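Enquirer: One structure coming up, written as structure tokens, with questions to follow.
Chains as they are written, first to last, in the numbering used here: chain U, 1028 to 1251; chain Z, -12 to 786.
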């Protein structure tokens, strides 16, 4: 994977930045951390294409994985097939964040924000490649949908990793409580739809943080 | 389900005997064969043992017909976690799998390997599974396998050395069967978790497996360079089970790009290089094993006869003792008041800072001594070892006189460690050496015995000789014995100082490495540094390999650089020059050196806080500094944060600056044994099931700033642990953190249990998914929407 651009504004957004004046020292740590995350991350990804069989939910053909619930149904309503993907930055990032937590919390926080930005950037990159692939057949992709969004249970994490064979191929697994390990990782499902498909903007109502969301208060969005 | 018990006729020759004379051939993939027979993605292959036994048996038969001497039970994922949603119990699955293998073998003389793959969930510190729990999971598999009569245990496809260690211990402690262990590497010569081939060899060899090697993830061509490295280190037989190349997806099925003929070519090549056990992994079928068996027929094993090397390791870093390697001495309470306080108060962060500083200063290995009569040394050793290895990749030296502490430390250590120490007393040797052997550690041998330290070099040499002999009797190679010739005090025993140095030279003739603590020499003399440095230079000249010193002492570290240059070890003087580059220049971007402590805090310039605080201590009492500088500056920073003039990272930097200042003040307070400045105790924990703890740690930093004593139980904390701690200590406030909707439930349970045992306890909660309504729903007293709020709450409670 060629060098990834880490968007500084995204990093700041994860840090809860709202136009405060950033002093020189903090500024420097942010720059260093952006540099450092580039060296630390060992980005790996895996994806698979599946035909969708609609019944009670969606069955991914050739697997025993069934996606259930209202929200994923809406998300994949117009899809006849989908791509499931897993992305991870690897263990070195986790270890470095753990290390900085003992040395300097400020650096740990900032590196953590850089890592969150980086994993999204890797997802975007993979997403672009996949989009190029499906465009050949005059198709396009829905946005990425992950366990934990809406009513798609986090319990789907393990079955998704299993059908991807993600543990063996990219070293991505989950804890008993469905936390992805390495921590800076993403699993997502994208529907494959006709190229003239337009996705309705997801709104924030229904999000448990609706009332307290600091992004929304600032007029922004968290990105989910 | 009816299962026919089969009496096996093959029982006879132990596979270990055959390994001495023959190349052993394993079977190929099980998963691949099951998938071509209709197993779906996401389905558990182990369930097929019970639901379609004939399918499994036929696969085994195909491999036996193809020439596999050893077949692998279909139990790769047969562990309690992977089977938790299956209708079948673990014991039934393993039993059925082994019976299938037995039925397939019939009257043949094939062997059955109990297959054990990774648990599927990662161990701490990467994941949340405890080492001890991983051991128990593997143990259940081993116990059932032994009961069913397998011939050997195959631990394979491991990517985490720690998990491999748990599996090997479970296999060896619960069976007397041969144990083979392989790990999966990527093309970058590391496993997913960063384990290197050398670290794998050092660790697994030490744990006493019968064969080690590499399997899965790559094809034979990509495996070859990794294999070459493993072969160049390993003293024990090496095993390879490659994939049939790399998979590409064709018509939604993986297709591997290495065909049977090419696979067999590599198989032969590998055996000619010294591989002693060969088979196949993903993508290989009976056809691959057949072609390879034919191609290697008649090949005799090649015995490489590798010499062991002296060294220690973590999974990601191996230190070869092939030059001077520094052992940092600072994790030791002897004569250190603050360190003792930290041990008594369970302040592991303090110990971790000592560890970090030493590594930053250039220590290669850290000595860990946490012995204090008032504490549970065994538990503390386990905690400290686990914590250090979760953030640093520095090998450790377990330092204790108590065999239980040594064993507990070695058991949870991830890699190959050193034990400090044994001496020439039979009683000590007989007690400690078996532990050292079991865990594959290196051992420090002190040249003294029941009669004390011999006066002469020759006397110490004789004890060293005895230690080496005894170690070898226990199966410990002399390359893993590090002899300490013991430094005496010049002020008391001037004449004997040089005996140590003479002994050092003498014992090296035994083929051992040498270790020495040096600072004793100057005890009772003025200008100790000068004496230390002079003695140290002489010891290095005599060939000292492992000095135990304070790596923060720049002059000592420089002495090593100078010695390496003078004695032509640092060829061309590159290290010496690198070590002196940039010295003598003033740091460039420090224009504001003369700021006062308040400004330093407000600007968050942590590196200046210590000096400024020390200066102020000349004028003021510690408590005055807190009230006059620290608190007002913190209030200013807090105010600016609330008004959104600064944002969170800046607030935290200021908080950490205050912390640095506090460390200096604490030293002064400890020295004067003045009053405690703590406002009260606050317990913090990230609840059971959740491992997001960065938010909790931020709260901790701020609370400590305001003089609250924080008892930090960490993340994924069981309810009982929190309850127990609250009962045992004077704690009025508990802070709980959870980041996921799913773990808010365990927060609620924790609160309910806390209320039962301590009715007047106050509980504050925080975390991304919480809000005020959730907080009151789960019956918390307070909701802290940020760290600043947590401080306000704590102040209110400890008014």
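Every residue gets a Cβ at the ideal spot worked out from N, C-alpha and C, and that includes glycine.
None of the values given here were measured: they were computed from a predicted structure.
Can you check whether the C-beta of residue 1183 of chain U is within less than 8 Å of a C-beta belonging to chain Z?
Expert: No, its Cβ sits nowhere closer than 8 Å to a Cβ of chain Z.
Enquirer: For residue 607 of chain Z, count the other beta carbons within 10 Å of its own beta carbon; 16 or more makes it buried, fewer makes it exposed. Which is it?
Expert: exposed
Enquirer: I need the straight-line Cα distance from residue 364 of chain Z to residue 393 of chain Z, nearest angstrom please.
Expert: 10 Å
Enquirer: So is residue 676 of chain Z in contact with chain U if we call contact Cβ pairs under 8 Å?
Expert: yes
Enquirer: Should residue 235 of chain Z go down as buried or exposed, given a rule of 16 or more other Cβ atoms within 10 Å for buried?
Expert: exposed
Enquirer: In whole angstroms, give me the CA-to-CA distance for residue 402 of chain Z and residue 302 of chain Z.
Expert: 6 Å
Enquirer: Can you tell me whether residue 443 of chain Z is buried or exposed, with buried defined as 16 or more other CB within 10 angstroms of its CB?
Expert: The residue is exposed, with fewer than 16 neighbouring Cβ atoms inside 10 Å.
Enquirer: Going straight from the alpha carbon of residue 766 of chain Z to that of residue 784 of chain Z, what length do you get?
Expert: 17 Å
Enquirer: Return the residues of the stretch 715 to 733 of chain Z that lie within a Cβ-Cβ distance of less than 8 Å from chain U, sorted by chain order.
Expert: 727, 728, 729 and 730
Enquirer: Residues of chain Z with CB under 8 Å from residue 1044 of chain U, in chain order?
Expert: 634
Enquirer: Return yes when the Cβ of residue 1114 of chain U is within less than 8 Å of the Cβ of residue 1038 of chain U, no when it is not.
Expert: No, the pair does not count as a contact, with Cβ atoms beyond the cut-off.
Enquirer: Specify, as a first and last residue, the run of the alpha helix (DSSP H) that residue 279 of chain Z falls within.
Expert: Counting along the chain, the alpha helix (DSSP H) containing residue 279 of chain Z begins and ends at 273 to 283.
Enquirer: Compile a chain-ordered list of the residues in the stretch 1130 to 1144 of chain U whose CB is closer than 7 Å to at least one CB of chain Z.
Expert: 1130, 1131, 1132, 1133, 1135, 1136, 1137 and 1139
Enquirer: Apart from the five residues just before and just after residue 687 of chain Z, which ones in its own chain have a Cβ nearer than 6 Å to its Cβ?
Expert: Contacts found: 671, 697 and 699.
Enquirer: With residue 337 of chain Z as the anchor, note down where its alpha helix (DSSP H) starts and where it stops.
Expert: 335 to 347
Enquirer: Which chain Z residues sit within Cβ distance under 8 Å of residue 1052 of chain U?
Expert: 590, 591, 592 and 640
Enquirer: Within 8 Å, do at least three Cβ pairs link the stretch 354 to 374 of chain Z to the stretch 1145 to 1153 of chain U?
Expert: Flag = no, the stretch 1145 to 1153 of chain U and the stretch 354 to 374 of chain Z do not touch.
Enquirer: So, for residue -4 of chain Z: in the same chain, excluding its five sequence neighbours on each side, which residues have a beta-carbon less than 7 Å away from its beta-carbon?
Expert: Unreliable positioning characterises residue -4 of chain Z in this predicted model, as indicated by a pLDDT of 47, which lies under 50. The coordinate reading is nonetheless provided below. Contacts found: 94.
Enquirer: Taking residue 805 of chain Z as part of the beta strand (DSSP E), name the residues at either end of that continuous run.
Expert: Residue 805 of chain Z is absent from the model: chain Z starts at -12 and stops at 786.
Enquirer: Quick one: which residues of the stretch 1180 to 1209 of chain U get their C-beta closer than 8 Å to a C-beta of chain Z? List them in chain order.
Expert: 1181, 1186, 1189, 1190, 1192, 1194, 1195, 1197, 1198, 1200, 1201, 1202, 1203, 1204, 1205, 1206, 1208 and 1209
Enquirer: Check distances from the C-beta atoms of the stretch 1083 to 1102 of chain U to those of chain Z and list, in chain order, the residues that come in under 9 Å.
Expert: 1087, 1088, 1089, 1090, 1091 and 1092
Enquirer: Whose C-beta lies closer than 8 Å to the C-beta of residue 575 of chain Z among residues of the same chain, with five residues either side of it excluded?
Expert: Caution is warranted here: a pLDDT of 45 is assigned to residue 575 of chain Z, below 50, making its placement in the model unreliable, and the coordinate value is therefore given only provisionally. Cβ within range, chain order: n/a, list empty.
Enquirer: Got a sec: is the Cβ-Cβ distance from residue 1048 of chain U to anything in chain Z below 8 Å?
Expert: yes
Enquirer: In whole angstroms, what is the alpha-carbon distance linking residue 116 of chain Z and residue 63 of chain Z?
Expert: 19 Å
Enquirer: Residue 137 of chain Z by DSSP, collapsed to three states: which one?
Expert: Coil.
Enquirer: Between residue 474 of chain Z and the rest of its own chain, which residues show a CB-CB distance below 7 Å, the 5 nearest in sequence each way excluded?
Expert: 487, 503, 504, 505, 507 and 508
Enquirer: Given that a residue counts as buried once 16 or more other Cβ atoms are within 10 Å of its Cβ, and exposed if not, what is residue 632 of chain Z?
Expert: exposed
Enquirer: Could you check whether the Cβ of residue 707 of chain Z sits closer than 8 Å to any Cβ belonging to chain U?
Expert: no
Enquirer: First and last residue of the beta strand (DSSP E) that includes residue 1003 of chain U?
Expert: Residue 1003 of chain U lies beyond the range of chain U shown here (1028 to 1251); nothing can be said about it.
Enquirer: Does the count of Cβ pairs from the stretch 118 to 127 of chain Z and the stretch 146 to 154 of chain Z closer than 8 Å reach three?
Expert: yes
Enquirer: Could you give the DSSP three-state label for residue 1164 of chain U: helix, strand or coil?
Expert: coil
Enquirer: If you reduce the DSSP assignment to three classes, tell me which class residue 546 of chain Z lands in.
Expert: helix
Enquirer: Given residue 240 of chain Z, which residues of its chain have a CB within under 8 Å of its CB, disregarding the five upstream and five downstream residues?
Expert: 22
Enquirer: Answer yes if the stretch 75 to 92 of chain Z comes into contact with the stretch 34 to 48 of chain Z, meaning at least three C-beta pairs across the two stretches below 8 Å, and no otherwise.
Expert: yes
Enquirer: My assumption, with CB atoms under 8 Å, is that residue 150 of chain Z sits in contact with residue 106 of chain Z. Please give the rounded CB distance.
Expert: Yes, residue 150 of chain Z and residue 106 of chain Z are in contact; Cβ-Cβ is about 7 Å, under 8 Å.
Enquirer: Return helix, strand or coil for residue 52 of chain Z, following the three-state DSSP convention.
Expert: DSSP places residue 52 of chain Z in the helix class (H, G or I) of the three-state scheme.
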